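All remarks here apply to the structure that follows.
There are 2 protein chains.
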Amino acid sequence: MADLTGRSIIGFRAGGGGDPSIFGINPATGESLQPGYSAVSETELNSAAGLAADAFEVFGKTSSAARTAFLRKIADNIEAIGDDLAKHAPQETGLPEGRIRMETGRTCGQLRLFASVAEEGSWVDARIDHADPERAPVPKPDVRSMERPLGSVAVFCASNFPLAFSVAGGDTASAFAAGCPVVVKAHHSHPGTAELVGQAVSAAVRDCGLPEGTFSLVYGPGRETGSALVRHPAIKAAGFTGSRAGGQALMKLAADRPEPIPFYAEMSSINPVFILPGAMAERSEQLATGLHGSMTLGVGQFCTNPGLTILDGTADIEPFVAKLSELVGGTPGATMLNPGISDAYASGAGTLGGSDVVETVALGQVQDGQCQAGAALFRTSAEAFLSDKSLGAELFGPSTLVVTHDGTDKMLALAKSLEGQLTATVHGTEADLEANRELLDVLETRVGRVVINGFPTGVEVCHAMVHGGPFPATADGRSTSVGTNAIHRFTRSVCYQGFPDALLPAELREANPLGIRRLVDGKST
Amino acid sequence: MADLTGRSIIGFRAGGGGDPSIFGINPATGESLQPGYSAVSETELNSAAGLAADAFEVFGKTSSAARTAFLRKIADNIEAIGDDLAKHAPQETGLPEGRIRMETGRTCGQLRLFASVAEEGSWVDARIDHADPERAPVPKPDVRSMERPLGSVAVFCASNFPLAFSVAGGDTASAFAAGCPVVVKAHHSHPGTAELVGQAVSAAVRDCGLPEGTFSLVYGPGRETGSALVRHPAIKAAGFTGSRAGGQALMKLAADRPEPIPFYAEMSSINPVFILPGAMAERSEQLATGLHGSMTLGVGQFCTNPGLTILDGTADIEPFVAKLSELVGGTPGATMLNPGISDAYASGAGTLGGSDVVETVALGQVQDGQCQAGAALFRTSAEAFLSDKSLGAELFGPSTLVVTHDGTDKMLALAKSLEGQLTATVHGTEADLEANRELLDVLETRVGRVVINGFPTGVEVCHAMVHGGPFPATADGRSTSVGTNAIHRFTRSVCYQGFPDALLPAELREANPLGIRRLVDGKST
Numbered sequence: 001m002a003d004l005t006g007r008s009i010i011g012f013r014a015g016g017g018g019d020p021s022i023f024g025i026n027p028a029t030g031e032s033l034q035p036g037y038s039a040v041s042e043t044e045l046n047s048a049a050g051l052a053a054d055a056f057e058v059f060g061k062t063s064s065a066a067r068t069a070f071l072r073k074i075a076d077n078i079e080a081i082g083d084d085l086a087k088h089a090p091q092e093t094g095l096p097e098g099r100i101r102m103e104t105g106r107t108c109g110q111l112r113l114f115a116s117v118a119e120e121g122s123w124v125d126a127r128i129d130h131a132d133p134e135r136a137p138v139p140k141p142d143v144r145s146m147e148r149p150l151g152s153v154a155v156f157c158a159s160n161f162p163l164a165f166s167v168a169g170g171d172t173a174s175a176f177a178a179g180c181p182v183v184v185k186a187h188h189s190h191p192g193t194a195e196l197v198g199q200a201v202s203a204a205v206r207d208c209g210l211p212e213g214t215f216s217l218v219y220g221p222g223r224e225t226g227s228a229l230v231r232h233p234a235i236k237a238a239g240f241t242g243s244r245a246g247g248q249a250l251m252k253l254a255a256d257r258p259e260p261i262p263f264y265a266e267m268s269s270i271n272p273v274f275i276l277p278g279a280m281a282e283r284s285e286q287l288a289t290g291l292h293g294s295m296t297l298g299v300g301q302f303c304t305n306p307g308l309t310i311l312d313g314t315a316d317i318e319p320f321v322a323k324l325s326e327l328v329g330g331t332p333g334a335t336m337l338n339p340g341i342s343d344a345y346a347s348g349a350g351t352l353g354g355s356d357v358v359e360t361v362a363l364g365q366v367q368d369g370q371c372q373a374g375a376a377l378f379r380t381s382a383e384a385f386l387s388d389k390s391l392g393a394e395l396f397g398p399s400t401l402v403v404t405h406d407g408t409d410k411m412l413a414l415a416k417s418l419e420g421q422l423t424a425t426v427h428g429t430e431a432d433l434e435a436n437r438e439l440l441d442v443l444e445t446r447v448g449r450v451v452i453n454g455f456p457t458g459v460e461v462c463h464a465m466v467h468g469g470p471f472p473a474t475a476d477g478r479s480t481s482v483g484t485n486a487i488h489r490f491t492r493s494v495c496y497q498g499f500p501d502a503l504l505p506a507e508l509r510e511a512n513p514l515g516i517r518r519l520v521d522g523k524s525t
Numbered sequence: 001m002a003d004l005t006g007r008s009i010i011g012f013r014a015g016g017g018g019d020p021s022i023f024g025i026n027p028a029t030g031e032s033l034q035p036g037y038s039a040v041s042e043t044e045l046n047s048a049a050g051l052a053a054d055a056f057e058v059f060g061k062t063s064s065a066a067r068t069a070f071l072r073k074i075a076d077n078i079e080a081i082g083d084d085l086a087k088h089a090p091q092e093t094g095l096p097e098g099r100i101r102m103e104t105g106r107t108c109g110q111l112r113l114f115a116s117v118a119e120e121g122s123w124v125d126a127r128i129d130h131a132d133p134e135r136a137p138v139p140k141p142d143v144r145s146m147e148r149p150l151g152s153v154a155v156f157c158a159s160n161f162p163l164a165f166s167v168a169g170g171d172t173a174s175a176f177a178a179g180c181p182v183v184v185k186a187h188h189s190h191p192g193t194a195e196l197v198g199q200a201v202s203a204a205v206r207d208c209g210l211p212e213g214t215f216s217l218v219y220g221p222g223r224e225t226g227s228a229l230v231r232h233p234a235i236k237a238a239g240f241t242g243s244r245a246g247g248q249a250l251m252k253l254a255a256d257r258p259e260p261i262p263f264y265a266e267m268s269s270i271n272p273v274f275i276l277p278g279a280m281a282e283r284s285e286q287l288a289t290g291l292h293g294s295m296t297l298g299v300g301q302f303c304t305n306p307g308l309t310i311l312d313g314t315a316d317i318e319p320f321v322a323k324l325s326e327l328v329g330g331t332p333g334a335t336m337l338n339p340g341i342s343d344a345y346a347s348g349a350g351t352l353g354g355s356d357v358v359e360t361v362a363l364g365q366v367q368d369g370q371c372q373a374g375a376a377l378f379r380t381s382a383e384a385f386l387s388d389k390s391l392g393a394e395l396f397g398p399s400t401l402v403v404t405h406d407g408t409d410k411m412l413a414l415a416k417s418l419e420g421q422l423t424a425t426v427h428g429t430e431a432d433l434e435a436n437r438e439l440l441d442v443l444e445t446r447v448g449r450v451v452i453n454g455f456p457t458g459v460e461v462c463h464a465m466v467h468g469g470p471f472p473a474t475a476d477g478r479s480t481s482v483g484t485n486a487i488h489r490f491t492r493s494v495c496y497q498g499f500p501d502a503l504l505p506a507e508l509r510e511a512n513p514l515g516i517r518r519l520v521d522g523k524s525t
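Quick note, the sequences are listed as chains A and B, same order.
The numbers in this note's numbering rise by one with no breaks, and the one at position 290 of the first sequence is 290.
The numbers in this note's numbering rise by one with no breaks, and the one at position 229 of the second sequence is 229.
What follows is the structure in structure tokens.
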């Protein structure tokens, strides 16, 4: 297994090895894992950000071929340590080895997908409007534009995806594909996994002959180090996945900088699932089984966990509730990612269950030990839900709150009461859906992804995916953190007017040497 | 001439006619123009925003054909009042009739360009990833996405473009094209022009059978009414063109809302012009003439006015400075848009000219009367410019500050010292440009548009234009306020997973009934 050093990676150098203050913890046993990690010093953080700014001058100008090779090399390097990751990550996260292996595959798949986007090259949205020197009253100039990288990007690791949303996760892959150096802030929940991946990325930077500031990985206390990164003048954008409180605090810092920067936070979502009467009549048992699988997958620790289930109480919903109750009651206890998350789940579930207007329908099994969580099924009425906003707060873990209503008007009121969400799901027969187009219309304005007759967990990594949604699901609802559109998080269009052909980026030269799709005089070619 | 009412337009109703508090002023004479305009009440503002939110449910779902017809109808209606505008707008703005007629043409051209974008339809970035039920370990779902409108948009009229960046200007055109209702805040500098155009838009809403909240136009004191609009929960994005102080105040409000919204402000830019030695040797007189034309165009009241001219003092620059000085000295005085702008110009020019480190090289003629401005040419050294940040502040009016340096290193230091700008311009021979690629690289990271051997004024309305740039040129450097890419200001991607074909938007249906370009399974088709 690769050696873990307990230090930050500052370009090609190791951070200082002061007193280690950050320890991975085996959530199941409470055991502190070795090595401990030293927090990055202010000087080291400045150095990482400064090196990134320097690297941008070179890396931002690399060809798409160079970035393609770099992304593929990172994927190869991560694959090569797959066994190390499968051994180490479960200790830090409580996640089973199979999940870690799948997530490693997903992470490498993401990197290769962005490599293919960079390689194909049309993502830059190249536009050419030719000159017309004869135009009256003034000649028309030659005007061309394309997407260019924003600069150095700060990426925050997420606790719940130690690989796919962490050191070499989606934000890092899209930033690299766009031409932005990255400074990653490790998550205290999986510091060793972060270092393993960080070494793999760092080796790829060297192997590909890229400037050292292209990548750094820093450790430190969440609030201080994260704030310092987002405030750093050399950082030009940031991506974050985590809690609403943490995300909003950083959003504010990003907006309050002397030079405000784009800040992408994925924060909170309860992912409502609407079950329409026809579907309920047709397949209540199958729906209960599917929902149970989705709400307990990964111990409910997904941003897309279905935390809210909305049922039409005028239909016969009791068989569904009974089946779901039986499944929840029989769910084995499981280990959550870390004490912070399991404490928040226990406390949130306690508050919800203790509410006068909420019935605790079923509780799953709970094992002895640290960080243990049991599944939970709660139930309330539409009236209660609409009159108490706190019932709509995210409860991160394996639970769902069933809300029953008395028909379309109340269902629409529920839909309209929702804050921005990553997803909304509707189960219905063809006739149900046809009769409930208004529900779909309302949901579309409140979420990033509407799912029909499926479940929200399982975010496909593809071109059409939108893993985003209006605030507070994310900080910037115009964007996605999964799928190839994420590359546009870290770019802006730059316009070149009157340039001699030789001075234009290859993407904009008259002969189209890269053979990419372009909009020429308004026509896609 | 159409009747001016002195009232806001709240959907299909006129605002209340309380005591008029906003009067257009003929800047040349100081004369108050009739009618005066009543400030919108809080109730009326809420009504405009609420009607817009209601209208979004219908207008956001209109077909691209419907939006195309609407945009063309607005253009037709504005053209039909071209004579009224040519008569009224010059009184309020001091701009000559010819300029108003040209700007009317540009405004209608913009509306029709966005109509053609909506009509062609591919702007929605439709993406389709087909299902694969056989995929292991989990089946692949059908995932589709496209751009959808954000919701109701607030648009702020700009003082310096009473038509092209005002009631039916670029932001309104792109918001309508995207499917967003618009609430416009009129500028006190041209209230009557705003009402004339507002009536034309309002008539188009009726003619096209669109919901009444699709368009409103409100009058009120800048700070209060503007702030109330940006803070209104029914408003989901805003576009602004104006001062840095005003833009930053509204940026902060937009970010501090319970639900933060995208806010696009175009604020300040000094648009540096670099003249390289070869070009200087080859055509100093032509450069002086061109620069003079650009800096005095429209009495210097363009966001792209070249306020900073950077010269290599090791070359023979004196003939250029002498010629420019002669032209500036001979420039007739002219009327600025309003007292606020002319006072700010007089005061800023006074401060600059009074600086110990700045030489006043030439002052143009000044006429008697209100709001009169004379051209001005100032000069300083690179050292002075680099050590006093205030010399880089925008001076909105017909002036430029020549900064001389002693060669490449100092020139690059000047370029690197610049804040975000809308444009940067470089004049050079082929050899100059080849030898100064680093300058182009630096400028590209600081501006929205790099111009070679041209002048920054004259922003072409086309597909490839970027009229934007890093903060503080704009509030959001990822965007443009001119050109067809502006439509993406007011949209976000929405993803449809597992939808029956009939429930998908036409743009995403399998048969591609609209015949638009789409990304299908990663391939552009």
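Note that the Cβ used here is the ideal one computed from N, Cα and C, for glycine as well.
Keep in mind the model is a prediction, meaning the values are calculated, not measured.
Measuring straight from C-alpha to C-alpha, what distance separates residue i and residue j?
| i | j | result |
| --- | --- | --- |
| G24(B) | G220(B) | 13 Å |
| R206(B) | N512(B) | 31 Å |
| Q370(B) | T404(B) | 35 Å |
| E44(B) | L217(B) | 11 Å |
| E444(B) | D432(B) | 17 Å |
Any Cβ of chain B within less than 9 Å of the Cβ of residue i?
| i | result |
| --- | --- |
| A279(A) | no |
| M465(A) | yes |
| E57(A) | yes |
| R127(A) | yes |
Is DSSP giving residue i helix, strand or coil here?
| i | result |
| --- | --- |
| M267(B) | coil |
| Y219(B) | coil |
| D129(B) | strand |
| E510(B) | coil |
| G420(B) | coil |
| S174(A) | helix |
| R67(A) | helix |
| S493(A) | strand |
| V58(B) | helix |
Any C-beta of chain A sitting closer than 9 Å to the C-beta of residue i?
| i | result |
| --- | --- |
| S545(B) | For residue 545(B) there is no data in the structure shown, the boundaries of chain B being 1 and 525. |
| R244(B) | no |
| C462(B) | yes |
| M251(B) | yes |
| A475(B) | yes |
| V124(B) | no |
| A234(B) | no |
| F302(B) | no |
Near residue i, which residues of its chain fall below 7 Å by C-beta distance, leaving aside the five closest residues on each side in sequence?
| i | result |
| --- | --- |
| R67(B) | A118, F176, A177, G179 |
Quick one: what's got a C-beta closer than 8 Å to residue i's C-beta in the same chain, skipping five residues either side?
| i | result |
| --- | --- |
| D132(A) | P139, K140 |
Taking 8 Å as the cut-off, is the beta-carbon of residue i closer than that to any non-hydrogen atom of the ligand HEM?
| i | result |
| --- | --- |
| S243(A) | With respect to small molecules bound, the structure shown includes none, and the ligand HEM cannot be examined in it. |
*Name, going along the chain, the residues of the region 483-511 of chain A whose beta-carbon falls closer than 7 Å to a beta-carbon of chain B.*
N485, R492, S493, V494, C495, Y496, Q497, G498, F499, P500, L503
*Taking Cβ-Cβ distances below 8 Å as the criterion, which residues of the region 198-217 of chain B are in contact with chain A?*
none
*Which residues, in chain order, does the region 448-461 of chain B contribute to contact with chain A at a C-beta distance below 7 Å?*
G448, R449, V450, V451, I452, N453, G454, G458, E460
*Residues in the region 61-85 of chain B having any Cβ partner in chain A nearer than 9 Å*: K61
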